[in-house]
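Residues 2 to 212 (my numbering) are what the sequence shown spells out, left to right.
Ideal Cβ placement from N, Cα and C applies to all residues, glycine included.
Here the structure is a predicted model, which is why all the values come from computation and not from measurement.
Only one structure is covered here, and it is reproduced in the block below.
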Amino acid sequence: MTLHINLLPYRQARRLAKVNQLFMIWGGVAFLGLMAAFLTHSHYQDYIVELTTQKTTKDATLAQLDKQLGEITTLREKKELVKKRLELIANLARSRDLTLRILDILSETIPEKVWLTKITTKQNNLELTGKAQSNAMVADFMRTLETSPNISKVDLTRIARQSLSKDTKDTKDTKDTKEFTLTAHISYPAPPPDDTNTKQLPKTIQQGPAQ
């Protein structure tokens with residue numbers, strides 16, 4: 002008697018078990034992949050949030066620094082403006098003191114029969130226009146000016162006989178009178194320390210021959 006065994010259900014069961022096993026493996030792999038992706042996403046999301054927070058903080062710091070920089074720039078501009086004004090005031094004070102000093106020097110050095118009609122100062126340059134009764138007196142005036150510590154490089158730029166108007170009587174004195182122009186270099190005197198005394202006004206310079 003021959004025994005027949007049907008193996009088809011057993012083979013189908015094994016095949017089904019293998020398929021289920023594969024599905025479980027792939028499901029596990031997919032689950033692990035999703036978990037890894039979720040964890041990676043969460044990590045980068047936290048990192049992005051942290052970077053955003055840092056950027057916001059740095060932007061606020063930069064804005065504060067920009068504000069402080071603007072205030073510093075304004076202060077520097079004000080400082081430069083004040084500095085320029087102080088320099089202007091100092092220059093005006095030096096110019097005033099120098100003018101008084103030059104007038105004092107001229108009043109002390111001008112010889113008799115020499116009269117100044119115009120005094121011009123521009124920065125460190127001095128120009129004197131006047132009249133004298135002889136060339137020798139002009140030369141003597143120039144030598145005296147050279148002895149001043151604040152005046153140097155005295156130069157005679159023009160000397161000529163006085164121009165007479167039609168109504169002026171041509172006498173010996175007027176015939177010999179010379180018109181001259183001198184130029185010189187002036188230097189600022191060093192102010193004495195703790196000098197609080199008021200400067201005395203110089204002597205009045207005679208503007209013309211006595212009548």
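CA-CA distance, ALA18 to THR54, rounds to 53 Å.
For THR145, the enclosing alpha helix (DSSP H) starts and ends at 136–147.
In the three-state DSSP reduction, THR100 falls in the helix class (H, G or I). Within a 10 Å sphere around the beta-carbon of ALA133 sit 16 or more other beta-carbons, which makes this residue buried. Taking the Cα positions, ILE120 is about 9 Å away from GLY131.
Of the residues assessed, ALA64 falls on the exposed side of the cut-off, its CB having fewer than 16 other CB atoms within 10 angstroms.
Distance check between GLU128 and each of ASP141, PHE181, GLU113, ARG77 places PHE181 closest, using alpha-carbon atoms only. In this model, GLN13 and TYR48 are separated by some 51 Å (Cα to Cα). Sequence-distant partners of THR158 (beyond 5 residues in either direction) whose C-beta falls short of 6 Å from its own C-beta, in its chain, are THR182, THR184. THR118 sits exposed, since fewer than 16 C-beta atoms from the chains shown fall within 10 Å of its C-beta. In the DSSP assignment, the residues bridged to THR184 are GLU128, ASP156. Between ILE106 and SER149, the C-beta spacing is below 8 Å.
Under DSSP, ILE120 takes part in a beta bridge, and its partners are LEU129. Between GLU147 and the set SER188, ALA161, ARG162, VAL83, the nearest pair of CA atoms involves SER188.
No Cβ-Cβ contact shorter than 8 Å links MET143 with VAL115.
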